[in-house]
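Numbering (our numbering), first residue to last: 231 to 520.
For each residue, glycine too, the CB sits at the ideal point set by N, CA and C.
Keep in mind it's a predicted model, so treat the numbers as computed, not measured.
Beneath this line is the structure, given in structure tokens, with notes to follow.
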């Protein structure tokens, strides 16, 4: 099935009516980007980014509705310039996979997309189905955590993967010998992806799922891996410390490099031996419980 994409720059005061009308006209998805390419990180729940000039993109799966949407904009807001694109039907998973190849992390850990041959049979190889949820290792936030797992001993340890996404960190930890990884995520699809990737790698017996509203029950673990965002990491400092046994560790990612100091300052109250690693614009912070 072909899709039809409509893009137009618009002043922010016109966004609400554009969003409402295009949704009513059958748009299956609407996204926003700054027309000047200035990203906004971590907006509050329900908050719309308020750039002065916004590029709105609406996606349609029906040609007739797509043409109606164009006609409405041309009639009602003739000053807006409309760009249209036809997205031909493709096996989108394969298109995406063309950009996802086996990757090495540290000296001896590989993430190998399903369907590719193992590069190094002497290494730890995680076979990953990347199509189910966020977290493949391609982003620096995940790569930083995978490299940490390659460089540190986790054999026999009980860990938490907080915000597990595709389960790549949990599965890698189990492949490196972790005894158990407790997985937490607000997205049911993420939990399903984690189970599937764990089964694909033969480590599903080490996975335990805990619902987000039951995380207070997690106690005496050896380490917490949390590749999420800086704002929730700040809120979770005490919660993570309470999960850990004495001298347990945290590995935190999803942090912009410019947010490093605020994370370090917050975690200093409950943790010692704080260490940071920066990759491109992103930062990983690791520490040990006081």
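Item: Same chain, Cβ closer than 7 Å to residue 353, neighbours up to 5 away in sequence not counted; Value: 338, 339, 340
Item: Entirely enclosed beta strand (DSSP E) segments - the segment 337 to 421, minimum 3 residues; Value: 339 to 343, 354 to 358, 388 to 392, 410 to 414
Item: Residue 231, buried or exposed, once every other Cβ within 10 Å from all chains shown has been counted against 16; Value: exposed
Item: As assigned by DSSP and simplified to three states, the class of residue 435; Value: helix
Item: CB-CB length for residue 344 against residue 359, believed under 8 Å; Value: 5 Å
Item: Sequence-distant residues of the same chain with beta carbon closer than 7 Å to residue 292, five excluded per side; Value: 256
Item: Within 7 Å, strictly: CB atoms of residue 432 and residue 459; Value: no
Item: Near the ligand MG: residue 386 beta-carbon under 6 Å from a heavy atom; Value: Annotation note on the ligand MG: not contained in the displayed structure, which lists no ligands.
Item: Segment contact, 8 Å Cβ cut-off, at least three pairs: the segment 409 to 421 with the segment 375 to 382; Value: no
Item: Classification of residue 380 by the beta-carbon crowding that lies within 10 angstroms, buried from 16 upward; Value: buried
Item: Local conformation of residue 330 per DSSP, three classes; Value: coil
Item: Three-state secondary structure (DSSP) of residue 276; Value: Note that residue 276 has pLDDT 49, beneath the 50 cutoff, so the model's placement of it is unreliable and the number below is only indicative. Looking at residue 276 - three-state DSSP - the assignment turns out to be coil, as it is neither helix nor strand.
Item: Classification of residue 476 by the beta-carbon crowding that lies within 10 angstroms, buried from 16 upward; Value: exposed
Item: Rounded C-alpha distance that separates residue 473 from residue 412; Value: 11 Å
Item: Interface flag, residue 331 vs chain D, CB-CB below 7 Å; Value: This model lacks chain D altogether; it includes just one protein chain.
Item: Rounded C-alpha distance that separates residue 404 from residue 389; Value: 9 Å
Item: Residue range of the unbroken beta strand (DSSP E) whose run includes residue 449; Value: Premise fails: residue 449 is in no beta strand (DSSP E) and is neither H nor E.
Item: Spatial distance of residue 263 from residue 520 (CA atoms); Value: 43 Å
Item: Alpha helix (DSSP H) segment containing residue 518, residue limits; Value: Where residue 518 is concerned, there is no enclosing alpha helix (DSSP H), although the beta strand (DSSP E) it sits in stretches over 512 to 519.
Item: Run of the alpha helix (DSSP H) containing residue 249, from where it starts to where it stops; Value: 245 to 254
Item: Secondary structure of residue 504, DSSP reduced to three states; Value: strand
Item: Sequence ranges, alpha helix (DSSP H) only - wholly within the segment 465 to 499, length at least 4; Value: 467 to 473, 490 to 497
Item: Per-residue burial, residue 499 [other beta carbons within 10 Å of its own, 16 or more giving buried]; Value: exposed
Item: Backbone secondary structure at residue 318 - three-state DSSP; Value: coil
Item: Residue 518 versus 509, 426, 494, 510, residue with shortest Cα-Cα distance; Value: 494
Item: Sequence-distant residues of the same chain with beta carbon closer than 7 Å to residue 336, five excluded per side; Value: 377, 380, 381
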